[in-house]
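K.L.:
Numbering (my numbering), first residue to last: 407 to 564.
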């Protein structure tokens with residue numbers, strides 16, 4: 407029975423370390439996806455005057471898909487954007503930037519929207535760099551710490 411418990415403790419701790427590392431990686435990928443989306447918005451605004459719902463419908467990232475799903479339900483792109491932001495982590499900086507972005511872009515014309523998107527694109531680029539560096543530094547360590555804690559727990563149980 408103790409051997410089974412020690413094996414379970416090891417795998418649970420190792421799993422938690424891997425899970426936390428994956429969360430960090432997903433955050434990096436999400437921020438990169440938002441940066442690409444903003445760059446696409448900028449390019450499309452330069453060559454036309456699409457409305458936000460058209461811009462979002464052309465994107466295929468997870469945030470854009472979420473906004474599109476909400477838009478189908480709510481029929482208001484601004485409400486859909488806010489609703490999508492509510493599903494994201496409240497503590498994350500990227501959520502705050504996304505909440506700020508929509509009103510900033512909506513209040514300006516084409517040139518203002520392009521400048522605003524450029525500003526937010528730069529902010530997301532910095533955020534990406536920070537998140538990536540954190541993942542590189544801590545991602546592997548979290549996996550190892552999870553395994554070590556699991557091994558320690560297994561030893562203590564035996």
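Ideal Cβ placement from N, Cα and C applies to all residues, glycine included.
Excluding five sequence neighbours on each side, which residues of the same chain lie with their C-beta closer than 8 Å to the C-beta of residue 540?
P.N.:
Answer for residue 540: 430, listed in chain order.
K.L.:
Measure the CB-CB distance between residue 518 and residue 420 and report whether it falls below 8 Å.
P.N.:
Not closer than 8 Å, so no.
K.L.:
Tell me the residue span of the alpha helix (DSSP H) that contains residue 509.
P.N.:
499-512 is the span of the alpha helix (DSSP H), which, as asked, contains residue 509.
K.L.:
With distances taken Cα to Cα, identify the nearest neighbour of residue 454 among 543, 515 and 509.
P.N.:
Answer by Cα proximity: 515.
K.L.:
Tell me the DSSP secondary structure of residue 465 in three-state form.
P.N.:
Residue 465 falls in the coil class under three-state DSSP.
K.L.:
Please report the Cβ distance between residue 559 and residue 416, rounded to the nearest whole angstrom; I am assuming they are in contact, meaning their Cβ atoms lie under 8 Å.
P.N.:
The pair is a contact, with the Cβ atoms about 7 Å apart (cut-off 8 Å).
K.L.:
When the Cα of residue 534 is compared with those of 425, 428, 434 and 407, which residue comes out closest?
P.N.:
Ranking 425, 428, 434 and 407 by Cα distance to residue 534 puts 434 first.
K.L.:
Can you tell me whether residue 476 is buried or exposed, with buried defined as 16 or more other CB within 10 angstroms of its CB?
P.N.:
Burial call: buried.
K.L.:
Here's a check: name, in chain order, each residue in its chain whose Cβ is nearer than 6 Å to the Cβ of residue 465, leaving out the five neighbours to either side.
P.N.:
443, listed in sequence order.
K.L.:
Do residue 530 and residue 441 have their beta-carbon atoms positioned less than 8 Å apart in this structure?
P.N.:
A contact, by the Cβ cut-off of 8 Å.
K.L.:
From residue 409 to residue 422, what does the alpha carbon distance come to, in whole angstroms?
P.N.:
Going from the Cα of residue 409 to the Cα of residue 422 covers about 20 Å.
K.L.:
Taking only runs of the alpha helix (DSSP H) that begin and end inside the segment 443-496, which ones reach a length of at least 4 residues, in chain order?
P.N.:
Qualifying alpha helix (DSSP H) stretches, in chain order: 458-463, 468-480 and 483-493.
K.L.:
Please identify the residue among 483, 545 and 432 whose C-alpha is closest to the C-alpha of residue 509.
P.N.:
If we check each option's Cα against that of residue 509, 483 comes out closest.
K.L.:
Quick check: what's the CA-CA separation for residue 511 versus residue 447?
P.N.:
Straight-line Cα distance between these residues: approximately 11 Å.
K.L.:
Thinking C-alpha only, which one of 542, 499, 521 and 561 is nearest residue 532?
P.N.:
Ranking 542, 499, 521 and 561 by Cα distance to residue 532 puts 499 first.
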